[in-house]
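Sequence order for the protein chains is A and B.
Take the first sequence: its position 80, counting from 1, is numbered 80 in the UniProt record's numbering, and each next residue is one higher.
Take the second sequence: its position 19, counting from 1, is numbered 19 in the UniProt record's numbering, and each next residue is one higher.
Glycine included, every Cβ here is placed at the ideal spot set by N, Cα and C.
No experiment lies behind these values; they were computed from the predicted model shown.
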Amino acid sequence: MPWVLWVPAALALALVVLPVAGLLVRTDLRRVPGLIVSDASLTALRLSLETAAVSTLACIVLGVPLAVVLARSAVPGIRVLRAVVLLPLVLPPVVGGLALLYLLGRKGFLGYLLGVTAGVQVPFTTAAVIIAQTFVAMPFLVVSLEGALRSGGERYERIASTLGARPWTVFRRVTLPLLLPALGSGAVLSFARALGEFGATITFAGSLEGVTRTLPLAVYTEAEVDVDSAVALALLLIVVAIVVIAVARPRALEGTAR
Amino acid sequence: MRKLGALLAAATLLITACGSSSGGTGTKTLTVFAAASLTESFTALKAQFESAHPGTQVRFNFAGSSALVQQLTNGARADVFASADQANMDKAGQAGVLDGAPSVFATNVLTIAVAPGNPKGVAGFADLATRGLTVVVCAPQVPCGSATQKVEQKTGVTLRPASEEQDVKQVLNKVQTGDADAGLVYVTDAASAAGKVARVDFPEAAQAVNSYPIAVVKNASEAGRAKEWVDFVLGQQGRAELQKAGFGAP
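Given below as structure tokens:
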């Protein structure tokens, strides 16, 4: 490795580490536990963990088949489809929230249908939070899986089918096991992204304690009155995110290392 | 080594480019930090002020009042600060970023925003507690939310909002998209969305009048002009423009 790479690498690292360090330096760490253990922040933390877990599950259930279809099918226009799938990665989250509102809001076409036929209103519910999180997090899962699918495995699948395995058996016994390591890291990424989701949630789901006010929204609300307590909540979010990534990521990496 | 030099040069260029955004010579730039709800009226006043003071350019930073206070206390350069409530102006005062005492230049009261034609027949504040009505309000942490809370306390009517939004425009948006049946917003916001929402005024709103103070910022680079802007907003032209937007007299 050329040593010159150290300079931009150090700058890049500083760009991530220094702001967080700045947050720590400005915080009165002795006050943090007291600020975090309020009912409002614990409620927000629980809501965040629960919704992020459910949306990660949704990402897996929906994203795995999608990644397989994107990587394996030869339908014309699949490249356009792939670009569309990645759209939530580049869309400003607020735009994502508006898009969801225009689809599932009371006057959106699906939302209107749901309201008229089933009396269901999606915005302002915990379900809306999960939908928003799934919307922004799923591309992370699909990208990780698709990469893994493309970098290998097609040969095994072809051999399995020449040996007489039906498509469903091939998917279950060959494709899925090949995907497991990537699935692990993809799921962690999705979970982390869902945990940090803010813009789409506040636009589409609103902000109400215990129902839709997740930790990032609680940080924003708290910042209006007490910056110290907002920073304390932000630290909580950072700690949770680091724990999640540190606990789950190495295992996923070991898997890919074969 | 030459590559390293180029890299470092690029990095320093990047850093300095990010650091120095101001500049310009000749004209004097007056920087006004103002609450988001003042966007329309202050923008209208800008043209009048600039033509009255040739060589002066007014530049705005519109945002939530508490965000502006945070920017000011963290060293943002500004000449004037106009807040949407007394609490945030007090915060700025306590942080020592103000020069002199603030003066109140406008007032605002709440109103109920509903869909055009008022399809749900909302007639007053008490109606908002009706079951099956989706009501959206501001979070108690922001000025419009604390005003809402005050009205609830005075009337004894407890709302069960579907959401507590971060700012009044978000409340207005949710009424406009039809996802909320009713929202509590300021008279001025309802006026700015005339045609898209209808207004249901209620007498209890008078219990929570919100005042807008304005002050010159300490160490303003254009202190003289800043004082003139404050006087201009407090004066007749300012009054007329603010009245047009629905603000009450101080």
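Buried or exposed (CB count within 10 angstroms, at least 16 for buried), residue i
| i | result |
| --- | --- |
| S22 (chain B) | Confidence is the limiting factor: at S22 (chain B) the pLDDT is only 43, short of 50, which leaves the residue's position unreliable, though a coordinate-based value still follows. Counting Cβ neighbours within 10 Å, S22 (chain B) comes out exposed, since fewer than 16 surround it. |
| G97 (chain A) | buried |
| Q236 (chain B) | exposed |
| D231 (chain B) | exposed |
| P76 (chain A) | exposed |
| S151 (chain A) | exposed |
| W6 (chain A) | exposed |
| K174 (chain B) | buried |
| G186 (chain A) | buried |
| S207 (chain A) | buried |
| T27 (chain B) | exposed |
| G24 (chain B) | Model confidence at G24 (chain B) stands at a pLDDT of 44, short of 50, so the residue's coordinates are unreliable; what they give is reported in the following sentence. With fewer than 16 other Cβ atoms within 10 Å, it is exposed. |
| G246 (chain B) | buried |
| F109 (chain A) | exposed |
| Q166 (chain B) | buried |
| G196 (chain A) | buried |
Chain-ordered neighbours of residue i on chain A, where CB pairs are closer than 7 Å
| i | result |
| --- | --- |
| D189 (chain B) | Simply none; closest approach about 17 Å. |
| S66 (chain B) | E224 |
| V197 (chain B) | Simply none; closest approach about 14 Å. |
Close Cβ partners of residue i (< 6 Å) along its chain, the five nearest in sequence each way excluded
| i | result |
| --- | --- |
| L236 (chain A) | I36 |
| T44 (chain B) | Note on residue identity: the sequence assigns Ala, not Thr, to residue 44 (chain B). Result list for A44 (chain B): E241, in chain order. |
| A160 (chain A) | V170 and V174 |
Under 7 Å from the C-beta of residue i: neighbouring residues of chain B
| i | result |
| --- | --- |
| R106 (chain A) | G178 and D179 |
| L110 (chain A) | The premise fails here: L110 (chain A) is roughly 13 Å from chain B at the closest Cβ pair, so nothing lies under 7 Å. |
| T212 (chain A) | S163 |
Within chain A, the residues that residue i reaches when beta carbons sit closer than 8 Å
| i | result |
| --- | --- |
| P161 (chain B) | L208 |
| A147 (chain B) | The premise fails here: A147 (chain B) is roughly 14 Å from chain A at the closest Cβ pair, so nothing lies under 8 Å. |
| Q141 (chain B) | T221, E222, E224 and V225 |
| Q70 (chain B) | A223 and V227 |
Supposed contact pair residue j and residue i - C-beta distance, whole angstroms, cut 8 Å
| i | j | result |
| --- | --- | --- |
| A232 (chain A) | A223 (chain A) | The Cβ separation is near 11 Å, so there is no contact. |
| V209 (chain B) | I112 (chain B) | The Cβ separation is near 16 Å, so there is no contact. |
| residue 266 (chain B) | S37 (chain B) | Only positions 1 to 250 of chain B appear in this structure, which leaves residue 266 (chain B) out of reach. |
| T56 (chain B) | R239 (chain B) | Rounded, the Cβ-Cβ distance is 21 Å, inconsistent with contact. |
| T214 (chain A) | A128 (chain A) | Wrong, their Cβ atoms sit about 11 Å apart, outside the cutoff. |
| A92 (chain B) | A34 (chain B) | Not quite, the Cβ-Cβ distance comes to about 13 Å (not below 8 Å), so this is no contact. |
Contacts of residue i in chain A (Cβ-Cβ under 9 Å)
| i | result |
| --- | --- |
| E165 (chain B) | I202, G206 and S207 |
| Q94 (chain B) | Per Cβ cutoff of 9 Å: no residues; Q94 (chain B) is ~13 Å from chain A at best. |
| V136 (chain B) | F124 and G206 |
Cutoff 8 Å; reference residue i; Cβ partners in own chain excluding five residues on either side
| i | result |
| --- | --- |
| A95 (chain B) | V69, L72 and T73 |
| Q207 (chain B) | K150, V151, K154 and T155 |
Cβ shell of residue i (< 7 Å), same chain only, five flanking positions each side left out
| i | result |
| --- | --- |
| A192 (chain A) | A241, V244 and I245 |
| E152 (chain B) | T158 and L159 |
| V97 (chain B) | L72, T73, V217 and K218 |
| S55 (chain A) | I130, Q133, T134, A137 and A194 |
| G115 (chain A) | R106 and Q121 |
| L100 (chain A) | I131, A132, F135, A200 and F204 |
Listed by chain order, chain B residues near residue i by CB distance under 8 Å
| i | result |
| --- | --- |
| L101 (chain A) | T177 and D179 |
Exercise. Between the stretch 201 to 221 of chain A and the stretch 80 to 89 of chain A, do three or more beta carbon pairs fall short of 8 Å?
Worked result: no
Exercise. Contact between the stretch 107 to 122 of chain B and the stretch 173 to 182 of chain B: three or more CB pairs below 8 Å?
Worked result: yes
Exercise. Are the stretch 83 to 92 of chain B and the stretch 61 to 70 of chain B touching by the rule of at least three beta carbon pairs closer than 8 Å?
Worked result: With a cut-off of 8 Å, the stretch 61 to 70 of chain B and the stretch 83 to 92 of chain B count as touching, because enough Cβ pairs lie within range.
For this session: Mind checking the stretch 219 to 246 of chain A against chain C and listing, in chain order, the residues whose C-beta falls within less than 8 Å of any C-beta there?
Result: As a matter of chain content, chain C is missing from the structure shown, whose protein chains are A and B.
Exercise. Can we say the stretch 101 to 121 of chain A touches the stretch 139 to 156 of chain A, given the rule of at least three CB pairs closer than 8 Å?
Worked result: Judged by Cβ distances under 8 Å, the stretch 101 to 121 of chain A makes no contact with the stretch 139 to 156 of chain A, as fewer than three pairs qualify.
For this session: Would you be able to state if there are at least three C-beta pairs under 8 Å between the stretch 136 to 143 of chain A and the stretch 53 to 65 of chain A?
Result: yes
Exercise. Are at least three pairs of beta-carbons, each pair with one atom in the stretch 36 to 49 of chain A and one in the stretch 165 to 182 of chain A, less than 8 Å apart?
Worked result: no
Exercise. Using 8 Å as the threshold, is the stretch 215 to 224 of chain B in touch with the stretch 142 to 151 of chain B, meaning 3 or more CB pairs across them?
Worked result: no
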